[in-house]
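Protein chains in written order, with full-length UniProt numbering: chain Z, 1 to 240; chain W, 1 to 240; chain D, 1 to 240; chain P, 1 to 240.
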DNA sequence: CATGAATGAGAGTTCATTCAT
DNA sequence: TATGAATGAACTCTCATTCAT
């Protein structure tokens with residue numbers, strides 16, 4: 001891709017300007033041993049820094065220069081390994097998605113009690129999104145950009161498949177055992193889970209200014225998680 | 001001397017680059033002619049165009065030039081009326097919030113049946129957010145910018161008060177009449193409403209690529225709205 | 001935000017507008033070619049051009065564009081090396097001061113005859129200021145800007161120390177040897193020297209229009225220098 | 001003159017950017033009685049404000065908008081009365097010059113003792129320049145602009161004539177009475193007076209940062225004035 | 001006379017990207 | 001591989017000046 005500047009993405013993208021001064025240089029990847037020319041490690045270092053940069057500043061607010069400084073490489077290297085900002089963003093997005101996918105694999109769908117399995121899935125989702133806001137911010141950004149990059153990706157569209165499969169498995173079993181209502185649609189239920197686990201992270205700041213307290217406070221999160229589980233289970237449960 | 005690229009937000013913001021070519025100049029306010037040299041009208045025209053621009057492209061992706069072209073005014077006029085990009089964004093944000101607030105005021109809280117009143121509130125929220133994605137996008141953008149502008153606003157923090165008051169009134173009456181559980185917390189319940197009404201708009205594109213259908217399709221929205229009402233009422237209802 | 005027109009000095013500055021047409025692009029540093037991609041040389045070239053630009057046009061009258069053109073570099077390079085117009089001006093000011101300081105160091109303070117040493121110092125000051133009006137203009141400009149930049153400098157305030165030390169040394173010796181009056185104050189005397197050596201350069205144009213001749217003409221300068229030395233020595237000398 | 005922007009002055013000018021915030025709106029001419037349409041008074045008010053503005057900010061640093069605000073008229077009026085910025089500057093310059101000229105007329109050249117008359121002239125000059133730095137700043141500015149505007153003026157070139165005439169008269173009488181050296185040249189002596197009375201005002205800020213005290217402090221000025229008189233009279237006096 | 005909305009031509013600054021070394 | 005100097009195209013913001021009302 002050879003597009004100068006923002007021309008890269010045909011239409012939309014999200015960004016946060018500089019503020020370089022106030023962002024305290026990040027945790028900068030550990031300084032590499034000098035002289036080591038380790039292509040794989042360099043690439044990985046750039047990628048990790050980029051994930052943080054894009055999550056924090058959005059696409060157009062992210063700075064190649066800042067990434068190169070934090071990753072302790074020069075600009076040229078970024079272009080060498082990733083081609084351009086657009087493709088670096090794609091790589092960062094895919095890499096971020098991979099993390100949650102891997103996490104979801106740890107779920108034991110075959111748990112004896114479907115309700116317990118469901119609760120576990122809800123809590124995992126809640127915890128994952130709440131613990132590290134980077135992922136949520138990246139998704140928000142991607143949606144503001146109208147999903148253009150996600151569409152280009154060959155891996156992202158499938159990203160939540162495992163989670164969805166787990167959910168379907170659990171739902172079916174619960175319905176067979178008549179502990180769940182039979183007409184619960186997996187997709188719709190997934191959207192409900194996501195909505196309830198996403199909102200306090202995505203809208204953290206506007207909610208905070210409405211309610212005058214921090215929506216990222218651990219104890220609030222703990223109580224909120226219980227409510228979310230409650231809302232969802234009371235909806236799905238037959239009461240049997 | 002000079003505030004650097006002065007107009008920037010101190011630290012963070014969200015933006016979507018140009019794409020000028022593909023965005024066909026917007027719907028351009030109707031070409032004025034009789035309204036020439038009309039301060040109020042000009043200011044309003046700029047503001048309306050700005051609301052659309054910021055919602056579509058985010059803060060740093062928005063272009064003063066594009067706004068001035070769409071509003072059919074000289075760039076200088078924007079600075080004349082709003083000072084700088086930042087303050088224009090603030091004005092647009094406040095103006096957007098005002099619209100939803102005004103809409104909420106149309107609710108009849110004293111509806112005889114608390115459950116019906118609650119459903120009305122949920123549906124109004126759902127419809128408002130779904131109908132015009134601009135508001136949702138603006139809020140997403142503001143949260144990606146860590147709420148910096150909302151905090152600067154003297155009006156926004158109080159904007160959702162009326163809605164909350166309505167909700168509290170309804171909840172209290174429902175609890176008194178024992179049709180709602182007694183320990184439902186208004187704040188927490190509001191967050192649940194918001195989460196369920198927000199997610200399919202905010203995550204429209206990533207969800208669409210996951211489930212391969214358009215999450216803005218009218219019929220899907222209709223069904224989804226019923227589910228949302230169902231989830232929330234089945235959680236709150238005593239079954240009495 | 002952003003310091004609007006951001007790069008500006010906090011409050012005041014002096015400048016001379018364009019006149020680009022009439023100023024024939026300056027003496028443009030010799031077109032580089034071998035020196036391409038030479039950081040040190042490029043920085044130096046920019047600095048030298050900037051010194052001339054600021055001296056001729058004042059701060060706000062100076063144009064980054066004109067500097068970049070004369071230095072035969074891209075505008076971005078100026079920001080790369082100097083950050084902004086303000087800091088470039090600071091660098092130019094410091095660099096200019098350094099030149100006169102270095103020149104002063106060539107003085108032999110331990111000259112046998114204090115009166116001769118004093119004359120040498122006066123003549124050096126006179127010649128330096130008269131020969132190249134750039135320095136005088138830069139200082140005038142800085143004073144019109146109320147010394148804001150000089151105050152920011154960590155080096156300028158100390159720059160005239162050596163000259164003052166030289167003067168003090170000479171004065172003391174002359175007083176000890178009773179060829180100078182004893183109650184001559186070094187600071188006050190320095191101000192007198194400066195005033196007499198400065199005025200025909202700083203007020204060159206208004207004086208010229210008053211007296212209808214060029215105050216920069218070499219023969220006039222020669223005669224004037226003799227008068228200045230005369231005024232100052234007749235004041236300080238005991239007549240012994 | 002119809003030149004847009006800085007193109008007005010062919011080449012040079014001096015200016016100080018905004019800093020509007022820190023300059024506390026000046027002493028704003030007394031608010032005129034509403035409804036009064038007094039052309040002469042309006043013109044005069046603009047002129048006075050302009051004199052202050054140009055003295056403080058230099059030519060290109062001065063803002064038509066700021067002048068109109070301080071003079072409590074709108075921009076159009078300035079153009080109505082003065083044509084353009086350039087001609088307003090010329091008017092302000094001439095008006096400033098007129099003030100000092102008028103002041104000088106108060107001198108009694110026919111004072112019995114030539115030395116006393118000379119001292120009076122020196123002190124008047126010293127006091128005038130020290131008391132209100134506006135005049136000095138205006139002259140500095142004009143010289144940085146290479147006297148282009150002064151040359152256009154039909155009155156300025158003659159401005160110091162009266163002072164010069166007074167000086168010549170005094171010098172001649174003193175030389176006739178043999179209290180002054182005979183070969184003192186009026187022009188040269190005038191330049192010396194000016195240099196010694198000008199420097200601590202023109203270079204106030206750079207001198208202050210060199211010597212770490214305020215060169216506008218009343219007691220310092222008093223002592224300095226004595227030195228200046230001393231320097232000049234000890235040079236001119238025959239000692240008879 | 002008076003107003004201030006509107007214009008247009010810059011000016012300073014930023015940043016993705018390229019390329020000589 | 002690696003560096004960072006260099007480029008060029010924007011972008012935000014300013015300001016003298018004009019002109020409809």
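All residues carry an ideal CB built from backbone N, CA and C; glycine is no exception. It should be emphasised that the depicted structure is a prediction, and the values quoted were computed from it without experimental measurement.
query, result
"Scan the stretch 58–85 of chain W and note each continuous beta strand (DSSP E) run of 3 residues or more that stays entirely inside, going in chain order.", "none"
"Per DSSP, what kind of secondary structure is residue 39 (chain Z) in: helix, strand or coil?", "helix"
"Rounded to whole angstroms, what is the Cα-Cα separation between residue 172 (chain D) and residue 232 (chain D)?", "16 Å"
"Looking only at DSSP bridge pairs, what is residue 237 (chain P) linked to?", "P:180"
"If we ignore side chains and look at the alpha-carbon of each, how far apart do residue 182 (chain D) and residue 166 (chain P) end up?", "34 Å"
"Please classify residue 120 (chain P): does DSSP put it in a helix, a strand, or coil?", "helix"
"Where does residue 195 (chain W) sit, in a helix, a strand or coil, going by DSSP?", "helix"
"Buried or exposed: residue 226 (chain W), going by 16 or more other Cβ atoms within 10 Å of its Cβ?", "exposed"
"How would you call residue 222 (chain Z), buried or exposed, if buried means at least 16 neighbouring beta carbons within 10 angstroms?", "exposed"
"Assuming residue 135 (chain Z) is part of the alpha helix (DSSP H), what are its boundary residues?", "133–144"
"Determine, using beta carbons only, whether residue 224 (chain P) comes closer than 9 Å to chain D.", "yes"
"By how many angstroms is the C-alpha of residue 98 (chain Z) removed from the C-alpha of residue 210 (chain W)?", "15 Å"
"Please determine, among W:114, W:133, W:91, W:157, the residue with the shortest C-alpha to C-alpha distance to residue 168 (chain W).", "W:114"
"Mapping the DSSP letters down to three states, classify residue 160 (chain D) as helix, strand or coil.", "coil"
"Compare the C-beta of residue 150 (chain W) against all C-beta atoms of chain Z and say whether one is closer than 9 Å.", "yes"
"By the 10 Å Cβ neighbour count, where 16 or more other Cβ atoms means buried, how is residue 239 (chain Z) classified, buried or exposed?", "exposed"
"Alpha carbon to alpha carbon, how far is residue 236 (chain W) from residue 156 (chain Z)?", "36 Å"
"Does the separation of the CB atoms of residue 144 (chain D) and residue 92 (chain D) fall below 9 Å?", "no"
"Are the CB atoms of residue 163 (chain D) and residue 123 (chain D) within a distance shorter than 9 Å?", "no"
"If you compare alpha carbons, which of W:149, W:119, W:186, W:56 is closest to residue 86 (chain W)?", "W:149"
"Could you check how far apart the C-beta atoms of residue 201 (chain D) and residue 119 (chain D) are, in whole angstroms? I think they sit under 8 Å.", "20 Å between Cβ atoms; not a contact."
"Check whether the Cβ atoms of residue 90 (chain Z) and residue 67 (chain Z) lie closer than 9 Å to each other.", "no"
"Count the other C-beta atoms from every protein chain shown that fall within 10 angstroms of the C-beta of residue 129 (chain W), then say buried if there are 16 or more, exposed otherwise.", "buried"
"Alpha carbon to alpha carbon, what distance is there between residue 174 (chain P) and residue 180 (chain P)?", "5 Å"
"Show which residues of chain Z have a CB atom less than 7 Å away from the CB atom of residue 115 (chain W).", "Ordered by position in chain Z, no residue passes the 7 Å Cβ test against residue 115 (chain W), which lies about 16 Å from the chain."
"Do residue 199 (chain D) and residue 198 (chain P) come within 9 Å of each other at the CB atom, strictly closer than that value?", "yes"
"With a threshold of 9 Å between beta-carbons, can residue 63 (chain Z) be considered close to chain W, or not?", "no"
"Can you find a heavy atom of the ligand GDP that lies under 8 Å from the Cβ of residue 120 (chain D)?", "The ligand GDP is absent from the structure shown, which contains no ligand whatsoever."
"Taking buried to mean at least 16 other C-beta atoms within 10 Å of its own C-beta, is residue 154 (chain W) buried or exposed?", "exposed"
"Please name the residue in D:142, D:126, D:125 whose C-alpha comes closest to that of residue 51 (chain D).", "D:142"
"Using the Cβ count rule (16 or more neighbours within 10 Å means buried), how would you classify residue 213 (chain D)?", "exposed"
"Between residue 177 (chain W) and residue 101 (chain W), what straight-line distance do the alpha-carbon atoms span, to the nearest angstrom?", "28 Å"
"Thinking residue 49 (chain W) and residue 65 (chain W) are a contact (beta carbons under 8 Å), I'd like their distance in whole angstroms, please.", "So it is not a contact: roughly 12 Å between Cβ atoms."
"Judging by CA-CA distance, which residue of Z:72, Z:186, Z:57, Z:204 is the nearest neighbour of residue 170 (chain Z)?", "Z:186"
"Run through DSSP, which three-state label would residue 169 (chain D) get?", "helix"
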